[in-house]
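Okay, so here's the structure we're looking at.
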Amino acid sequence: MTNVLRIALVDPNDDTRDSLKSMLLGMDTVWLEADCSRYEFFPDVIEQTAPDVGVISLDNDTEKSIRLVQRLASDAPDTVILAASESTDGHLILQTIRAGAREFLTLPMSHEDLAAALTRVSQHKFGTSEGGARGCEVVAIAGATGGVGTTSAAVNLGCIFAADNRNSVALLDLDLALGDADVFLDAIPDYTLADVVQNVSRLDIQLLKQSLTKHSSGLYLLPRPVELHDTLGITDESLRKVIGLLKASFTHLVIDLSKTYSAVDMAAIEAASKVLLITQLDLPCLRNVVRLMMSFEEIEGLQSKIEIVVNRAGLESGQISLKKAKETLGRDIYALLPNDYRTMVEVRNNGVPLINQAPKAPITQALRDLAAKLQGKDASAETGEGSKSSESKWKMFWPGAKS
């Protein structure tokens, strides 16, 4: 689990409370456990949620809020109290600190000031020497078409990440209709994404972990719904909440997307740190890559997250050369996964990850190298130049476009 700070907030002023909530929700290393609009209800909130940090805005009623700080400092010593106010009066600051607040923050609060305060709290609570909590790396696995191996890549990357005991890893199956990540792991889940979506407002980190299926590799799985009609309740907004909770709970989140590129898929792509677009070296796949990259160009900040991964490299039948593919795509290939049909069929049918079934196979080593590269362990990896030069080139390869 990440060193995520769980936070509860109280502010009777709707505007400043919403501003603080928005700032907190945008931070990967915090989880907003609860927010409250009444000072008198906040002690119950603290008792029920036991957050790491309680943020108290003083300005609605200074005397009442300082008494609240004093009460919580006595009754909930494990919760660090941060006080916030528009006032910079020295007497108020001194009074608040003496009441038990760890820090006094000035409103309107900047993202930098809040992040710095939370870093100090994290250093004190978790003993981190480098400052700050460890965030979550979100890797979304997309496909240029069906059958290119996105699920096998997602499952096996997840298991490779989980093999490092410093990591905690979850796999989210977003192929809502036909996903089969559970088959690859030979798992029979008790709960699905539909169950979590229905209860996300009541879940905390501990309950979330209980809702996931843990594989022997250490990987946690959140599978697609069992019934097709259950997919209707999964929206892009509800998925964002689920991803937020997963990011607060794990160091790595791997998302296996569907091939529909729906609003739900796009919400996952937007939340991702890196998006792997899996393709093969054939004309239909490369054509789809061009088409997808044209669409991704229209979304700010997305192009820089996309990396192209060629699966089944070395398959002789109908393959376009790697050199020609690079020329067509206008960018470098991030990784090559060799063709090993027999091994992949065995691991899928046996429900056993590659690192257990075939640890020395070339496909396993290629996925290990990909995992290392994603975690920044491959210092020689250099893909930025190809990405940058491709920004305005996609349309020239599209049928009907002017050359």
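Heads up: the sequence shown begins at 16 in our numbering, then just goes up one per residue.
Ideal Cβ placement from N, Cα and C applies to all residues, glycine included.
- Below 8 angstroms on the Cβ atoms is my guess for A132 versus D93; work out the distance and round it to an integer in Å. Residue 132 sits at position 117 when you count from the first residue of the sequence shown. Residue 93 sits at position 78 when you count from the first residue of the sequence shown. Actually they are not in contact, since the Cβ atoms of A132 and D93 sit about 18 angstroms apart, beyond 8 angstroms.
- Task: Determine the extent of the alpha helix (DSSP H) in which N365 is found, giving its start and end residues.
- Result: Numbered from its first residue, the sequence shown carries residue 365 at position 350. That run of the alpha helix (DSSP H) goes Y356 to N365.
- Task: Could you check the C-alpha separation between G146 and K289 for me, to the nearest Å?
- Result: Working through the sequence shown from its first residue, we reach residue 146 at position 131. Working through the sequence shown from its first residue, we reach residue 289 at position 274. Residue confidence for G146 is low, a pLDDT of 41 falling below 50, so the modelled location carries little weight; the figure read from the coordinates is stated next. For G146 and K289, the distance between alpha carbons rounds to 24 angstroms.
- Give me the Cβ distance between G115 and V84, rounded to the nearest whole Å; I'm assuming they're in contact under 8 angstroms. Sequence index remark: in the sequence shown, residue 115 carries index 100 (1-based). Sequence index remark: in the sequence shown, residue 84 carries index 69 (1-based). Rounded to whole angstroms, the Cβ separation of G115 and V84 is 5 angstroms, and the two are in contact under 8 angstroms.
- Query: For V184, which three-state DSSP category applies?
  - Reply: Taking the sequence shown and counting its residues from 1, the one referred to as residue 184 is at position 169. Of the three classes helix, strand and coil, the one that applies to V184 here is strand, per DSSP.
- Task: Would you mind stating whether D280 and R239 have Cβ atoms separated by less than 8 angstroms?
- Result: Residue 280 sits at position 265 when you count from the first residue of the sequence shown. Residue 239 sits at position 224 when you count from the first residue of the sequence shown. Against a cut-off of 8 angstroms, the Cβ pair of R239 and D280 comes out as no contact.
- Task: Please name the residue in D195, D197, A209 and L236 whose C-alpha comes closest to that of I183.
- Result: Against the sequence shown, residue 183 aligns to sequence position 168. Residue identity differs from the one stated: residue 183 is Ser in this sequence, not Ile. Of the listed residues, the one whose Cα sits closest to S183 is L236.
- List the whole-angstrom C-beta distance separating T266 from C151, where the pair is believed to meet the contact cut-off of C-beta under 8 angstroms. The sequence position of residue 266 within the sequence shown is 251, counting from 1. The sequence position of residue 151 within the sequence shown is 136, counting from 1. With a Cβ gap of about 6 angstroms, T266 and C151 count as contacting.
- K392 by DSSP, collapsed to three states: which one? Walking along the sequence shown from the start, residue 392 turns up at place 377. K392 falls in the coil class under three-state DSSP.
- Assuming D67 contacts R21 (C-beta within less than 8 angstroms), just tell me the rounded distance between them. For this step, residue 67 is matched to residue 52 along the sequence shown. For this step, residue 21 is matched to residue 6 along the sequence shown. Going by Cβ atoms, the distance from D67 to R21 rounds to 5 angstroms, so yes, they are a contact pair.
- Task: Evaluate L47 with the Cβ neighbour count: other Cβ atoms within 10 Å of its Cβ, from every protein chain shown; 16 or more gives buried, anything less gives exposed.
- Result: Residue 47 sits at position 32 when you count from the first residue of the sequence shown. L47 comes out buried.
- Unbroken beta strand (DSSP E) run spanning A178, endpoints: For the purposes of this step, residue 178 is taken as the residue at position 163 of the sequence shown. Run containing A178: none; DSSP gives neither H nor E here.
- If you count every other CB in all the chains shown that lies within 10 Å of the CB of D320, and 16 or more means buried, which is it? Reading the sequence shown from its first residue, position 305 is the one you call residue 320. The amino acid occupying residue 320 in the given sequence is Lys; Asp does not appear at that position. It is buried - the Cβ of K320 has at least 16 other Cβ atoms within 10 Å.
- Item | Exposure of L247, with buried meaning 16 or more beta-carbon neighbours within 10 Å | If you number the sequence shown from 1, residue 247 lands on position 232. Exposed, by the Cβ-count rule.
- Helix, strand or coil for L218 per DSSP? Indexing the sequence shown from 1 puts residue 218 at position 203. If DSSP states are grouped into helix, strand and coil, L218 belongs with coil.
- Quick one: using the 10 Å Cβ neighbour count with 16 as the cut-off for buried, is V211 buried or exposed? Along the sequence shown, one-based indexing puts residue 211 at 196. The residue is buried, with at least 16 neighbouring Cβ atoms inside 10 Å.
- Query: In terms of residues, what are the limits of the alpha helix (DSSP H) holding G198?
  - Reply: Residue 198 sits at position 183 when you count from the first residue of the sequence shown. Going by the sequence as given, residue 198 is Val instead of Gly. It spans A196 to F199 - the alpha helix (DSSP H) in which V198 sits, taken as one unbroken run.
- Should the stretch 374 to 387 be called in touch with the stretch 346 to 355, which here means at least 3 C-beta pairs below 8 angstroms? Note that the stretch 374 to 387 touches the stretch 346 to 355; at least 3 beta-carbon pairs, one per stretch, sit closer than 8 angstroms.
- On the premise that T294 lies in contact with V325, defined as a C-beta separation below 8 angstroms, what is that separation, rounded to the nearest angstrom? Within the sequence shown, residue 325 is the residue found at index 310, counting from 1. Within the sequence shown, residue 294 is the residue found at index 279, counting from 1. Contact flag correct, Cβ pair sits at about 6 angstroms.
- Query: By Cβ distance below 6 angstroms, which residues in the same chain neighbour Y349 in space, the five residues on each side in sequence not counted?
  - Reply: In the sequence shown, the residue the question calls residue 349 occupies position 334. Only E322, I323, V324 and T398 meet the Cβ criterion.
- Item | Nearest-angstrom beta carbon gap, A159 and G292 [assumed within contact, 8 angstroms] | Here residue 292 corresponds to residue number 277 of the sequence shown, with the count starting at 1. Here residue 159 corresponds to residue number 144 of the sequence shown, with the count starting at 1. First, the amino acid is wrong: residue 292 is Leu here, not Gly. So it is a contact: roughly 6 angstroms between Cβ atoms.
- Express the C-alpha separation of E78 and A396 in angstroms, rounding to a whole number. Indexing the sequence shown from 1 puts residue 396 at position 381. Indexing the sequence shown from 1 puts residue 78 at position 63. Reliability of the predicted coordinates at A396 is poor, the pLDDT of 41 falling under 50, and no value is obtained from them.
- Task: Reducing DSSP to helix, strand and coil, say where V19 ends up.
- Result: Taking the sequence shown and counting its residues from 1, one reaches residue 19 at position 4. In the structure shown, V19 sits in coil (DSSP, three-state: anything other than H, G, I, E or B).
- Message: Give me the DSSP bridge partner(s) of I71.
- Response: Numbered from its first residue, the sequence shown carries residue 71 at position 56. For I71, which the question treats as bridged, DSSP gives the partners V25 and A98.
- Under a Cβ-count criterion, where at least 16 other Cβ atoms within 10 Å of its own Cβ denotes burial, should N180 be classed as buried or exposed? Along the sequence shown, read from residue 1 onward, the residue named residue 180 stands at position 165. Its Cβ having fewer than 16 others within 10 Å, N180 is exposed.
- Message: Please classify D205 as buried or exposed, where buried requires at least 16 other C-beta atoms within 10 Å of its C-beta.
- Response: Here residue 205 refers to the residue found at position 190 of the sequence shown. That one is exposed.
- Task: Name the one or two DSSP bridge partners that V170 has.
- Result: Here residue 170 is taken as the residue at index 155 of the sequence shown, counted from 1. Bridge partners of V170: none, in fact.
- Message: According to DSSP, simplified to helix, strand and coil, what is G115?
- Response: Working through the sequence shown from its first residue, we reach residue 115 at position 100. The answer is coil: DSSP assigns G115 none of H, G, I, E or B.
- Since V170 and P374 are thought to touch, with beta carbons under 8 angstroms apart, how far apart are those beta carbons, to the nearest angstrom? To locate residue 170, count along the sequence shown from 1; it is residue 155. To locate residue 374, count along the sequence shown from 1; it is residue 359. Contact flag wrong, Cβ pair sits at about 15 angstroms.
- Task: State the DSSP-derived secondary structure class of V45, mapped to helix, strand or coil.
- Result: Translated into positions along the sequence shown, residue 45 becomes position 30. V45 falls in the strand class under three-state DSSP.
- Message: Relative to the C-alpha of T134, which candidate in N214, A286 and L97 has its C-alpha closest?
- Response: Taking the first residue of the sequence shown as position 1, residue 134 is located at position 119. Residue L97 is the option with its Cα nearest to T134.
- Query: I81: which of R53, N303 and T111 sits nearest, CA to CA?
  - Reply: Position 66 of the sequence shown, counted from the start, is the residue given in the question as residue 81. The option with the nearest alpha carbon to I81 is T111.
- Query: Any idea what DSSP makes of A157, helix, strand or coil?
  - Reply: Numbered from its first residue, the sequence shown carries residue 157 at position 142. When secondary structure is reduced to three states using DSSP, A157 falls in the strand class.
- Quick one: what does DSSP say E322 is sitting in, helix, strand or coil? Counted from its first residue, the sequence shown places residue 322 at position 307. The answer is strand: DSSP assigns E322 an E or B state.
- Query: Helix or strand or just coil, what does DSSP make of E285?
  - Reply: Your numbering for residue 285 matches position 270 in the sequence shown. Three-state result, E285: helix.
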